[in-house]
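Note sheet for the following structure.
Numbering (the working numbering), first residue to last: 43 to 303.
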C-alpha cells in the first residue's frame, strides 16, 4: 500500500493476476476488500483505494463525482497494467458507472454491489441532515451497536471487529468516529441525488441487489433502465441480505466477480 496521487491505495493478491479496481461506499475504506482478496480471490490483483475524504486519502475538497473519478483515473495510471474489472459497492457503484463513461477503453467489466445512484433527493437530504446532527459516537460500543443493528447485522462478528480495529479512531472531542471527513460524507449524499448514468452498452455488467434494503439503494427505475440499456450484457442477481453484500455473502459475491475475470 502507499500514497497514490490523491488516493491512498491498498494492493492485494497476485501481482500478475487479472486486475480488479475495488471501490468502497460512503464511510468505508479500501481495506474492506482485503478479506475477499485473500480468502476468495487471491489469484486476482486487487487495487483498492481509500476514496477522497475517507481513510488515509486526502480529505481536501472537492468531493463531487468528477473529482472522485479524476482521482481514480490517476490511480489507474499509477497501478493498472491494462484494463480492469471494476467492483463497486453502494457509492462505489455510482463511481464505477461514472468511471466507465469517462474511460471506457480501460474498463473490462462492472460488478455493481447494491449500487446507490439516482436516489430520492428528499431521502438524501435526510441522510445529510442526520450526518450533520450526529456525526460521531460516544464510544466504540455505540459504533459497534449501530452496525450490528443496521446494515452489518448479518456480517460475521470477527469481520465487524476487524472493521472497528482498522477504521474507528478517537477524536479531539473525546468521542470516536470512522476515519473520514464528515463534510465529504455530507457531499456524497448530495451527489447520490444526481441523475443516474448508464455504462457503455457493450460492457459486461453484473448487478447485485441486496433485497432486504428498504427503501432500496438500487431503485426500480435504475434497474429497469440498466436492463433495457445493456440487454444480454447484464446479469442481474438478487441476494437475500442487507446492504453490506460483500461482507455478508463473500462466497456468492466472489463467484460473480470470477465470472467476469
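We put the CB at the ideal spot given by N, CA and C, even for glycine.
Buried or exposed, going by whether 16 or more other CB atoms sit within 10 Å of the CB of residue i?
i, result
"residue 44", "With a pLDDT of 36 at residue 44, under the threshold of 50, the predicted position of this residue should be treated as unreliable, though the coordinate-derived value follows. Residue 44 is exposed by the Cβ-count criterion."
"residue 200", "exposed"
"residue 286", "buried"
"residue 61", "buried"
"residue 87", "buried"
"residue 99", "buried"
"residue 176", "exposed"
"residue 69", "buried"
"residue 172", "exposed"
"residue 169", "buried"
"residue 284", "buried"
"residue 46", "The pLDDT assigned to residue 46 is 38, lower than 50, so where the model puts this residue is not dependable; a value taken from the coordinates is nonetheless given after this. With 16 or more Cβ atoms within 10 Å of its Cβ, residue 46 is classed as buried."
"residue 49", "buried"
"residue 269", "exposed"
"residue 299", "buried"
"residue 187", "exposed"
Please say whether residue j and residue i have beta carbons closer to each other than 9 Å?
i, j, result
"residue 141", "residue 248", "no"
"residue 91", "residue 51", "yes"
"residue 131", "residue 195", "no"
"residue 94", "residue 226", "yes"
"residue 105", "residue 229", "yes"
"residue 55", "residue 77", "no"
"residue 210", "residue 240", "no"
"residue 303", "residue 154", "no"
"residue 243", "residue 263", "no"
"residue 274", "residue 75", "no"
"residue 111", "residue 158", "no"
I think residue i touches residue j, with their Cβ atoms under 8 Å apart; what is that distance to the nearest whole Å?
i, j, result
"residue 24", "residue 156", "Residue 24 falls outside the range modelled here, since the chain spans only 43 to 303, and no answer is possible."
"residue 97", "residue 71", "4 Å"
"residue 161", "residue 259", "7 Å"
"residue 115", "residue 128", "Not a contact, Cβ separation roughly 12 Å."
"residue 134", "residue 245", "Rounded, the Cβ-Cβ distance is 16 Å, inconsistent with contact."
"residue 137", "residue 178", "Rounded, the Cβ-Cβ distance is 25 Å, inconsistent with contact."
"residue 107", "residue 233", "5 Å"
Using CA coordinates, which residue listed in the options is at the minimum distance from residue i?
i, options, result
"residue 206", "73, 303, 56", "73"
"residue 89", "63, 103, 69", "63"
"residue 9", "220, 119, 303, 103", "Given that the chain is displayed from residue 43 to residue 303, the structure contains no residue 9 and the question cannot be resolved."
"residue 365", "197, 149, 216", "Examination of residue 365 is not possible in this model, given that the chain is present from 43 through 303 alone."
"residue 254", "103, 193, 171, 109", "193"
"residue 282", "213, 275, 179, 197", "197"
"residue 257", "118, 81, 164", "164"
"residue 277", "261, 301, 288, 190", "301"
"residue 291", "144, 81, 109, 269", "81"
"residue 280", "252, 119, 174", "252"
"residue 146", "298, 166, 118", "118"
Between which two residues does the alpha helix (DSSP H) harbouring residue i extend?
i, result
"residue 247", "Where residue 247 is concerned, there is no enclosing alpha helix (DSSP H), although the beta strand (DSSP E) it sits in stretches over 247-252."
"residue 199", "199-209"
"residue 115", "107-121"
"residue 228", "224-233"
"residue 272", "262-272"
"residue 80", "76-81"
"residue 159", "Per DSSP, residue 159 belongs to no alpha helix (DSSP H) and is neither H nor E."
"residue 171", "163-175"
"residue 134", "133-144"
Residue i lies in the beta strand (DSSP E); which residues open and close that run?
i, result
"residue 55", "49-55"
"residue 88", "87-91"
"residue 149", "149-155"
"residue 299", "Run containing residue 299: none in the beta strand (DSSP E); it sits in the alpha helix (DSSP H), 292-302."
"residue 64", "61-65"
"residue 218", "218-220"
"residue 182", "Looking at the DSSP string, residue 182 is not in any beta strand (DSSP E); the run it does join, the alpha helix (DSSP H), is 182-190."
Any C-beta of chain D sitting closer than 9 Å to the C-beta of residue i?
i, result
"residue 91", "You won't find chain D in this structure, because it holds only one protein chain."
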